[in-house]
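Notes to accompany the following structure.
Numbering (this note's numbering), first residue to last: -7 to 234.
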């Protein structure tokens, strides 16, 4: 049998450490896109972060009780909008500053906790606690949505129409259905007084508060608006403050 030369050469090169099938004169699709000025538009999510130490500890203790790992939970927050994409060269921080709606916000946002829910996501199920925004936060979320949606190039189906989003605090995500159902059942039984576990902070009727509006870009914290100081903080400043 005669071996095709090009197949043998390709196989041989692939086996040499440090070499691959991409030769110096070849260009990857990503390289071609960069040369042509085509870039993937960043995705954004706008949230309010829940930074109260006692509340964060309570969430952490409760996650530990259910063996929910760090890779299965986020820092406590309430998502107001997103994920979405904007026109090239535009970002949420600039648009919100131009609209001047941040000049009207109070120094603190509040939301009232409600019943636990199980939501289905792209990668499994999530256990969340409803968080109903009080009037000021609800009004701001509505105005912000109006302000940003006009510049959307794409968004999640939840934000395509007003009134669909369920505001919530996430306890765990990416869970298998059976596991999520067990967590939900335990939370519901405890709410009814049939169980005891860490996490009394999640009792329906309790209020959570936030003094920070956060913008997530490409899945990473990007900008934070300090409601008390009424100014944007850079990512570096936020991490420096801890």
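Ideal Cβ placement from N, Cα and C applies to all residues, glycine included.
If you check the CB distance, residue 76 and residue 36 come in under 7 Å.
Inclusion of residue 159 and residue 108 in the CB contact set at 7 Å is not warranted, their separation being larger than that value.
C-alpha of residue 168 to C-alpha of residue 140: approximately 34 Å in a straight line. Per the Cβ contact rule, the region 69 to 86 is in contact with the region 147 to 159 (3 or more Cβ pairs under 8 Å). Taking the Cα of residue 106 as reference, the smallest distance to any Cα among 99, 198, 45 is reached at 198. The distance from the Cβ of residue 58 to that of residue 175 is about 5 Å, consistent with a contact at the 8 Å cut-off. Its chain contains 209, 210 as the residues whose beta carbon lies nearer than 6 Å to that of residue 34, once the 5 sequence neighbours on both sides are disregarded; these appear in chain order. Residue 41 sits away from residue 153, with the two beta carbons spaced by 7 Å or more. Around the beta carbon of residue 98, a 10 Å sphere encloses fewer than 16 other beta carbons of the protein chains shown; the residue is thus reported as exposed.
Here the alpha carbons of residue 143 and residue 157 stand approximately 19 Å from one another. DSSP, reduced to helix, strand and coil, places residue 107 within a strand of the structure shown.
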